[in-house]
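Working notes for the structure below.
Number of protein chains: 8
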Amino acid sequence: MSTICFDYDRRSRVGLPEAVFCEGKDDASLMTLLKRFVRGSGRPVLFTRLAPERFEAAPLEIRRLYDYDPLSRTAYGDSLQPEGAVRGEVAVVTAGTSDAAVSHEAGRTLEYLGIKHRYFEDCGVAGLWRLQERLEEINACSVVICCAGLDAALASVLGGLTSRPLLCVPTSVGYGAARAGETALSAMLCSCAPGLSTFNIDNGYGAACAAARILNLGAS
Amino acid sequence: MSTICFDYDRRSRVGLPEAVFCEGKDDASLMTLLKRFVRGSGRPVLFTRLAPERFEAAPLEIRRLYDYDPLSRTAYGDSLQPEGAVRGEVAVVTAGTSDAAVSHEAGRTLEYLGIKHRYFEDCGVAGLWRLQERLEEINACSVVICCAGLDAALASVLGGLTSRPLLCVPTSVGYGAARAGETALSAMLCSCAPGLSTFNIDNGYGAACAAARILNLGAS
Amino acid sequence: MSTICFDYDRRSRVGLPEAVFCEGKDDASLMTLLKRFVRGSGRPVLFTRLAPERFEAAPLEIRRLYDYDPLSRTAYGDSLQPEGAVRGEVAVVTAGTSDAAVSHEAGRTLEYLGIKHRYFEDCGVAGLWRLQERLEEINACSVVICCAGLDAALASVLGGLTSRPLLCVPTSVGYGAARAGETALSAMLCSCAPGLSTFNIDNGYGAACAAARILNLGAS
Amino acid sequence: MSTICFDYDRRSRVGLPEAVFCEGKDDASLMTLLKRFVRGSGRPVLFTRLAPERFEAAPLEIRRLYDYDPLSRTAYGDSLQPEGAVRGEVAVVTAGTSDAAVSHEAGRTLEYLGIKHRYFEDCGVAGLWRLQERLEEINACSVVICCAGLDAALASVLGGLTSRPLLCVPTSVGYGAARAGETALSAMLCSCAPGLSTFNIDNGYGAACAAARILNLGAS
Amino acid sequence: MSTICFDYDRRSRVGLPEAVFCEGKDDASLMTLLKRFVRGSGRPVLFTRLAPERFEAAPLEIRRLYDYDPLSRTAYGDSLQPEGAVRGEVAVVTAGTSDAAVSHEAGRTLEYLGIKHRYFEDCGVAGLWRLQERLEEINACSVVICCAGLDAALASVLGGLTSRPLLCVPTSVGYGAARAGETALSAMLCSCAPGLSTFNIDNGYGAACAAARILNLGAS
Amino acid sequence: MSTICFDYDRRSRVGLPEAVFCEGKDDASLMTLLKRFVRGSGRPVLFTRLAPERFEAAPLEIRRLYDYDPLSRTAYGDSLQPEGAVRGEVAVVTAGTSDAAVSHEAGRTLEYLGIKHRYFEDCGVAGLWRLQERLEEINACSVVICCAGLDAALASVLGGLTSRPLLCVPTSVGYGAARAGETALSAMLCSCAPGLSTFNIDNGYGAACAAARILNLGAS
Amino acid sequence: MSTICFDYDRRSRVGLPEAVFCEGKDDASLMTLLKRFVRGSGRPVLFTRLAPERFEAAPLEIRRLYDYDPLSRTAYGDSLQPEGAVRGEVAVVTAGTSDAAVSHEAGRTLEYLGIKHRYFEDCGVAGLWRLQERLEEINACSVVICCAGLDAALASVLGGLTSRPLLCVPTSVGYGAARAGETALSAMLCSCAPGLSTFNIDNGYGAACAAARILNLGAS
Amino acid sequence: MSTICFDYDRRSRVGLPEAVFCEGKDDASLMTLLKRFVRGSGRPVLFTRLAPERFEAAPLEIRRLYDYDPLSRTAYGDSLQPEGAVRGEVAVVTAGTSDAAVSHEAGRTLEYLGIKHRYFEDCGVAGLWRLQERLEEINACSVVICCAGLDAALASVLGGLTSRPLLCVPTSVGYGAARAGETALSAMLCSCAPGLSTFNIDNGYGAACAAARILNLGAS
């Protein structure tokens, strides 16, 4: 096991605390961290990419001090109290059911950060009416996160229908030419709708943090 | 100059005559071919990717025996008389002005093959109304060719709005993550709209030939 | 589990009902969908990429209300009754035995859509006589689907021997430079035979839908 | 020349007017557009990727009705009057002198959109003091745009030093493993600093539009 | 100019003399080499990739001591006298006219090495009869070189029709998914016809040297 | 299970019988083929890529009618009797121990084809003396097969030390920048040693067939 | 099992003994090598990429003659006695906890080579203070090894803060655009800090050997 | 023109002054920098990638205050005086004549840094004797820089013959599968010779800086 040097100071610098990305951590390091940040520790830390089987490997007395969600593979002991009054809500829009793991990673991160959000699921453009029916509600939010795989056409369509900051997360849904999310990523990057920003494949956490950076502007 | 062995017999086998792809041909070979297939030669041949400066290099008495279009870079002496009565028209839909070279290659090939077509230009989904306004007219055609670059979101949207055979041509429009048409190609290949078929980047000629294969079904 | 918003309306718009791509769906969502679309539900839905072990996980009373095929990994409760009288048959041609999972996905989709088809297997061009012997029968069909992996040379050869719409599906057969179907995909896209259309790697479903779009032209 | 269908309506939908990307447009189309949107036309339109030699090809009486900047290759006749009072300023930070074409595309777009901005140039992390000296001024802005090529290490460092929305634009600076900006793009996408958003290679225009989407939140 | 250390000894070791690949050489080095290996120098050396404009830059008294061919971009002063009596002839088969630069590089190298060869041009499989008509003559040769671009389907078809050593050279003909010869290269590498060997893109020289290695077996 | 159409005729056309590539075949098809080509069936067929666990799944009475080798994952019932007297032997040279699965696939194929061969293992160029010590023996063979992974430097070094036909097989040995054999493949293709021919990654079978094509020349 | 030809002579030529890379070796070969190089054999050999389950498969009497470390997956019987007095120490710096497997492979190799080293873990630049606090200690070492994944920004920052030879090892940490270490590799290669050298992805062993080459200079 | 913030302080931190990479700089910025760092300015700065035509564009009175070399495309006014007495010489070894631009960039950088070096050119492994003849002289140097393109086999061979720090620079020499230096880069990264370090494609400057970092160790 290697030594761990935690960046406790991050929140004061960037407005967001350090999180723990669990994939690739060895078991001993992960357990040390889970023990350190249980509910009541006074240090709100979010664990991402925490697979159910790895969480189950922790002792029950640790596990019950965490709020764990298997679909998004996230856990936290304490959540944050927003420093100022964060105004606005985040719309989390997805193209299809298979994008749920990613959109819920975004939603759970927002929840942990103390930011309101709503899900708009199954809005893929092959059936445009599904998006159009919910457009007004989406535009009532301050920030929009869009999760889509395959050709990610939803991003361009949404980009032409909302004036909100639009944060696009490609998902690794699909096969063959979908190339594990690379096509969705490239498609989002070169959308002709203006001002779309893009995140790493499956990075719901990152989009939620970017939403927090935006909403914190109004709060401070 | 190398010897040339022309496949005069192709039309009887596949319903489409051989065409001449001009890029990569040396000047001597190209001139031989241009001389051979002038108007009135009795052999209708289509020249594609014939750059204006290469066409200009031919003597005037050759050039005036050709119908040449610089936007699509196509030329032919004689065009085809359809063997049966081809029913139906082809809609050629484009996302943006920059896709015109490709969509016109498709249109010119159809013209040469004796098939009716209509252009629907600038229908990019960042302004959905432009497509929706013309949807009825598009659906009045029998086959739809869709040319789009960047993220090619138009293909998915169209695929959810028409029941016609939808032939998708990615274009090399864009920069960076557009990767010279590779992103549009991959996006079209993994669209979630069902039954879209895809062609090589910038291959308007191919899509027109596929439309001919489809419309010839009804003709025979 | 995320909420599901099904596009029941798709058939009236594009002539094809929504299908369920099972890979990447979480277990709870998949089971909900399987329960909803059993035989007799009045809603014919096709499930693709449904692995045997996932289908086996459903209770027997659900499973016996489905027609399931493990080679193609497809299932449906009710199949479609074609709206008009669909004329014509589809030839499903494969290069080798290893392409069968893909060609049967195409065949099963056609069956579900109420369209006749015939298999022509093991027609790889390393033994040209196998294709030539069956060429007349292939050309008696209205549409040809060609499934091939490796260098997909079959597509070009077929493209020079038939005038029918030729729908090419690259398969992920092979190793090394076959690159999980990428080479077959690229080869089909840049075939010099005119008017070949291409689909995503292993996407037999998509080619069948495209065949339906073509044959529906004659039906309406 | 193809027909042009302009999306005049875009501003009311997405808060940003349509822009003209000049690369890939044929000369005739470009000239038509330049004539249409001169100063005083009442239609503020931004031209991007307008190379000096193409702009010089326009007649003088057109050119003098444009504000043209050769470094950023941008032009506009009229600029926008912000609808509400946009609060906040944008910091445009670059790693090296070679990133100036991109950062100035961002700056010029902001100018055209009526948004204040400041440049912070040559802040590459190989000499960290250059960034640290200017950090306080950067954090006094509301939104930060970071343009960097090569390994784009500046993005991660900045991401750990500011709580502002951080919009990252990879530039195509470099050779070999820089791969025309692909490495910078990938590096920005997988930065471990939380909540960085990324744009297409060299897309200063896109980052400026995203900044406008953010600042418009406070304005409305 | 850098110093040059020529491998005069190569022929005794590998049966083939050193050649000069001219691309990427600076002008001074190239001129030094051209002067050194003129006709009558007693050192037969082949220059490849020698563009016409670079050859023209040499003084006339040098140029007339070379046999130069602009299509293949090759030059040599003296050619080789085969050491033993080389038995057998090489068939150089091409798919299309655009492959001629590569096939003639192979042919010219064979000529320089003192090996007989015959060209079989325009044998692309989209018109199979062109190959079948000439198959008997091809099989009368001892070794077959096959040059093809795009999807290189000719290689697989030939591989199933000849028992001769079959040396496959992908060419950089085509656009889009042809990817400058990469698709042809990959297709040749994963052909299902047994025992095809492959060379670098456009490397007619290499295939000719391999043919010499094979035919020298019989000579020694 | 799909139908199987075997190319029994291949040997008369190309001098090599059809082989069965077992990966990707479904179990039922594989078992049918194993039953058909047991020892004494009069049809010598080689099975490649036959994993031990799949071979073990066959009933014992089938298995004992096969000569199976787990390192090379090959099996055959009957082997071939060479038609003429094949002169010459094949040297199979490898860079390291990890290349053995590939080199033995080549060796086993030669054995099955009735061609003599010798192994020269662990000749990697990081210890040049290992190759130099055995060079004379290698050059006493008629054809050389070289199997190497990583940077495949052995191919270039051997290419400068032998005049024999040199058949290069890249292996998928290594990690990271070795990219599962892609680097070795590319390195072999662009070796500066003249006349090296290359095969697909891990394709020992293909190199053995090419050696047979060469040695059959002398036999006929 | 293939024969093994060990390069015992390597240390006298390159100052470093041969090592055994265990991945891809078949079980029989690995066991032979483990038996040969136990403690006391007089032949110090390092085994790398030796997974715990493979080491556990060796009999206990072998295993207890090895110093095995599961985090770095390395084992050795005897370690080296440096030939001269090696002056200087190596700093092994990592960006995050997930890089520990690689940094410890470097550390263990140094230990085996008889070279002193110190670990500096969790110095990622998203929290710059962690690096700055330890910079003085790092600069007190003679050579610096930097292990980082994702965007590897640590390499550029360190490169601007130390004058020591800086050996950069990209790690395969991350997902999506991290592309299994490819992004970190490319980022390190094109860092604008001068004179950074780079190693294969996850190749801690290689960096340690390079450090030895440098420190041996002072020793001899 | 953008503002320029020069890192004058770099030498004291990293032992190497800032250099100016000229590609991608606009003309005005380049001229400003050339004027600032002429001979006698007291600020020794190296200009790299300075194409002859760009240098010629400077006024004569500037140019004659520079030492410019067109082969390496480098210029400097003043060169450095080494701070301590740098012991040792650098061997710059190249595979072929076409690698000279890169090796001379390394050599010129060393000259500017006040470090002795010797060229060993045309040592490609297709003629091993050329390397072996000069091996003793190479090993008499303290550090070895190896520049090679294509398959870069020279790196592995040298790595097995010298104990010196070996700094490998891939060059963009070659075509097709050489992929503009990518193959050489990957090959060097995965060489099985231990402890080779690698630099960006064509980055002779970087290797020279790394050599300086090593030799400065002995100097301080």
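Residue numbers (the working numbering), protein chains in the order written: chain G, 1359 to 1578; chain D, 1359 to 1578; chain U, 1359 to 1578; chain L, 1359 to 1578; chain C, 1359 to 1578; chain S, 1359 to 1578; chain B, 1359 to 1578; chain R, 1359 to 1578. The beta carbon of each residue, even a glycine, is placed where N, CA and C say it ideally should be.
If you draw a straight line from the Cα of B/L1525 to the Cα of B/A1511, it is about 14 angstroms long.
Within the region 1379 to 1403 of chain R, no residue has a Cβ lying closer than 7 angstroms to any Cβ of chain B.
In the structure shown, L/C1567 adopts helical secondary structure according to DSSP, grouped into three states.
Cβ-Cβ separation between B/D1560 and S/G1534: approximately 6 angstroms, consistent with a contact (criterion under 8 angstroms).
Taking one beta carbon from each stretch, the region 1499 to 1516 of chain U and the region 1540 to 1552 of chain C have 3 or more pairs nearer than 8 angstroms; the two touch.
Straight-line spacing of the CA atoms in L/A1498 and D/A1459 works out to 48 angstroms. Taking a Cβ-Cβ threshold of 7 angstroms, the residues of chain U close to C/A1545 are D1509, T1541 and A1545, in chain order. Pairwise C-beta distances place the region 1417 to 1434 of chain R in contact with the region 1387 to 1406 of chain R, as three or more of them are shorter than 8 angstroms. Burial check for B/G1485: the Cβ neighbour count within 10 Å reaches 16 or more, so the residue is buried. With the criterion set as a beta carbon lying under 9 angstroms from some beta carbon of chain B, the region 1447 to 1470 of chain R has no members that meet it. For the C-beta of R/G1518, not a single chain C residue is nearer than 9 angstroms; the gap to the nearest is close to 21 angstroms. In this structure, the beta-carbon distance from G/G1373 to G/N1574 falls below 7 angstroms. With contacts defined as CB atoms closer than 7 angstroms, C/T1541 and U/S1544 qualify as a contacting pair.
One finds G1539, N1558, I1559, D1560 and N1561 in chain G with Cβ atoms closer than 7 angstroms to the Cβ of B/G1534, taken in chain order. For G/I1362, the chain B residues whose C-beta falls within less than 8 angstroms of its own C-beta are T1455, E1479 and D1480, listed in chain order. The shortest CA-to-CA distance from S/R1522 to any of S/L1554, S/V1378 and S/E1491 is the one to S/L1554. What B/G1485 touches in chain L, judged by beta-carbon distance under 8 angstroms, is G1518, going in chain order. Taking 7 angstroms as the CB threshold, L/C1548 lines the interface with chain B. For the region 1484 to 1552 of chain C, the continuous alpha helix (DSSP H) assignments of 4+ residues that do not extend past its boundaries occur at 1487 to 1497, 1511 to 1517 and 1540 to 1547, in sequence order. Residue R/A1377 holds the alpha-carbon nearest to the alpha-carbon of R/C1567 among R/V1531, R/C1363, R/A1377 and R/D1367. Within the region 1419 to 1442 of chain U, those residues whose Cβ lies closer than 7 angstroms to any Cβ of chain S are, in chain order, L1429.
Closer than 7 angstroms to the CB of L/V1531 there is at least one CB belonging to chain R. Of all alpha-carbon atoms in U/G1382, U/E1495 and U/F1379, the one lying nearest the alpha-carbon of U/L1519 is that of U/E1495.
S/R1476 carries a strand assignment under DSSP once its states are collapsed to helix, strand and coil. Of the residues L/G1465, L/L1423, L/L1493 and L/T1390, the one whose Cα lies closest to the Cα of L/R1397 is L/L1423. Counting other Cβ atoms within 10 Å of its Cβ, B/Y1470 reaches 16 or more and is therefore classed as buried.
In this structure, DSSP gives C/A1433 an extended state, which the three-state scheme calls strand.
Ranked by how close their Cα comes to the Cα of B/A1416, the residues B/M1389, B/G1532 and B/R1394 have B/M1389 in first place. Under the three-state reduction of DSSP, D/L1554 is assigned to strand. Look at D/A1551: its C-beta is under 7 angstroms from a C-beta on chain G.
R/D1425 and B/Y1563 have their C-alpha atoms spaced approximately 41 angstroms apart.
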